[in-house]
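So the sequence shown is numbered by this note's numbering: it starts at 1407 and just counts up by one.
All C-beta atoms, glycine included, are put in the ideal place defined by N, C-alpha and C.
Note that this is a predicted model, so its numbers are computed, not measured.
Structure first, commentary second.
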Amino acid sequence: LATPVGSELIMNVFDTLVGWKAPEFKDLEGRLAQSWTISDDKTTYTFKLRSGVKFHDGTDFNADAVKKGFERIKDVNSFMKAYFGGIKEIKAVDAGTVMITLDKPNGVFLSYLAMPQATVGSPAAVDKYGKAINVNPVGTGPFMFESYTQDTQTVLKANPNYFRGAPKIQKIIYRVIPNAATRRLELENGTVDIVQQNGQLFSIPVNDIKALKQNANVDVIELPSQIIRYIQFNNSKTDGPIADKRVRQAIATAIDYDGMVNDLLGGTANKMYGPLTDNSWGWNPAMKDAAPKRDVAKAKALLKEAGYGEGGKSLELTLYTFTGQSWKDLGTFIQANLADIGVTAKIEQLDFSSALRPLHTEGKHDLAIGGRQPWYNDPEAHITIDYLSTLGPTALTFRMAKDDALDKAILDAQTEQDFAKRKQIYFDLQTKILDKAPGAYLFNPKIIIYKRKNVQGLVVNSAPPLSEYWSVSKTK
């Protein structure tokens, strides 16, 4: 496989208590949990665990491992505050039973437990490796970690004792191939079996997709997704240009959304109209008319009203984004759009872990190109983490300023048990969020996977956009 996706590696080395049932991925099924019950007040979940399951290091999987694992996640992973922050207690009732109590009902809590961040690892391995556990992962999954070479490849080998049955392939080699032309060449030559761009922009140039569709040895899989790419403004700013709503609106109004989707991305993405994709069950159709559209004159007028542009102050901003040519191309496109309204944008590409994430979560930026890929099919997957003000510094979010009414509505949507009422809350939330102009919603990329014809049994999930290889086989 070309270009490893960290969360996908996790899903193949580890297991979750529950998982999405293939091939529709609409219902949850037991994985490490054989069954579960939910209390009448919807706050206590009791899981009966599978017996006889062992971690790759030979130690037993049991309730104590779940308790220690989840408590560690709460302690060390700030991103998971949005998901595990409501856990009041985790109790290992006995070796085969774990009880999780929430501080209030949450209609999507089981979906949280199917996320790759909620996998269960070996407590003995954590004790052994400490902080180096990230390059020595030990789970219960269908594949075991074999080796890791930084910036080159990660190798997984089959777990013959996997509780759902041994995998059909013996080894997975995830290779880092930065050059798109090389990726295509290796795919066509058969030295790479799969190239995917689930969480990326376009890992193979748009112009090459048509050619690959004509290749008798290659399948091009295209699926809709709920991935969003956007410009996030730093909404926690209390002074400076970005603190002015009119400046944010001007930037959003300057962007050529049609040209971005049709020309730059060559139809590999759909337009966005607000905080949710139009294939989400919570999407409000009114967003289509309410969303900003390119209007240079209107954008200039907004800037002038805010004291910038013609007759006012010059406006120079740094536009941060991820490393990689595709992100640079996107940044350059937006840079040109902003130049049309008199805004000078400097593109700064940063490595995610060591540079962009700290800058973003510490609030040292004005605006950044980023995005979100949901870990489950629910509007909550986008709305809570991105717009709840208390979660602003925990991940790459819009860093929303405190708004008690907005925060309450977001939390009410989590706890509301009536589907129609819950849907209406999300409809209203999208209107309120869009009115605040927290960012510019760019596009919704399709999931595109290129695979060799001799690879069989690949079932692609769209939320989360990750592939599990337990069911995959390969013929010669």
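Exposed unless 16 or more other CB atoms sit within 10 angstroms - verdict on residue i
i: aspartate 1695; result: exposed
i: lysine 1859; result: exposed
i: glutamate 1435; result: exposed
i: valine 1499; result: exposed
i: leucine 1415; result: buried
i: glutamine 1655; result: buried
i: aspartate 1421; result: buried
i: arginine 1805; result: buried
i: asparagine 1570; result: A quick correction: the sequence has arginine, not asparagine, at residue 1570. Burial call: exposed.
i: glycine 1688; result: buried
i: glutamate 1477; result: exposed
i: valine 1866; result: buried
Reduced DSSP category for residue i - H, G, I as helix; E, B as strand; rest coil
i: isoleucine 1539; result: helix
i: glycine 1475; result: helix
i: serine 1732; result: helix
i: alanine 1815; result: helix
i: glutamine 1620; result: coil
i: glycine 1680; result: coil
i: asparagine 1690; result: coil
i: tyrosine 1726; result: strand
i: glycine 1884; result: No answer is possible for residue 1884: the residues shown for the chain start at 1407 and end at 1882.
i: asparagine 1418; result: helix
i: asparagine 1850; result: strand
i: valine 1514; result: coil
i: glutamine 1755; result: strand
i: aspartate 1625; result: strand
i: serine 1873; result: strand
i: leucine 1721; result: strand
i: glutamine 1836; result: helix
CA-to-CA distance, residue j to residue i, given in whole angstroms
i: serine 1445; j: phenylalanine 1453; result: 12 Å
i: alanine 1530; j: glycine 1475; result: 11 Å
i: aspartate 1809; j: tyrosine 1554; result: 45 Å
i: histidine 1788; j: glycine 1777; result: 10 Å
i: leucine 1736; j: aspartate 1792; result: 22 Å
i: threonine 1738; j: glutamine 1731; result: 10 Å
i: lysine 1814; j: threonine 1560; result: 43 Å
i: proline 1543; j: phenylalanine 1551; result: 6 Å
i: glycine 1513; j: isoleucine 1661; result: 37 Å
i: glycine 1412; j: isoleucine 1539; result: 14 Å
i: isoleucine 1627; j: tyrosine 1518; result: 27 Å
i: lysine 1706; j: alanine 1675; result: 28 Å
Supposed close pair residue i, residue j - CB separation, criterion 8 Å
i: asparagine 1850; j: serine 1642; result: Not really, about 26 Å apart at Cβ, beyond 8 Å.
i: lysine 1577; j: leucine 1591; result: About 22 Å separates the two Cβ atoms, so there is no contact after all.
i: isoleucine 1831; j: proline 1681; result: Their Cβ separation, rounded to whole angstroms, is 13 Å, which puts isoleucine 1831 and proline 1681 out of contact at 8 Å.
Meets three-Cβ-pair contact criterion under 8 Å: the segment 1583–1599 and the segment 1648–1662
no
Contact between the segment 1703–1723 and the segment 1841–1853 (3+ Cβ pairs under 8 Å):
no
Determine, using beta-carbon pairs with one atom in the segment 1661–1676 and one in the segment 1729–1746, whether at least three such pairs fall under 8 Å.
yes
Should the segment 1464–1471 be regarded as contacting the segment 1491–1510, the criterion being three or more beta carbon pairs within less than 8 Å?
yes
If contact is defined by three or more beta carbon pairs under 8 Å, each pair taking one atom from either stretch, is the segment 1426–1443 in contact with the segment 1615–1633?
no
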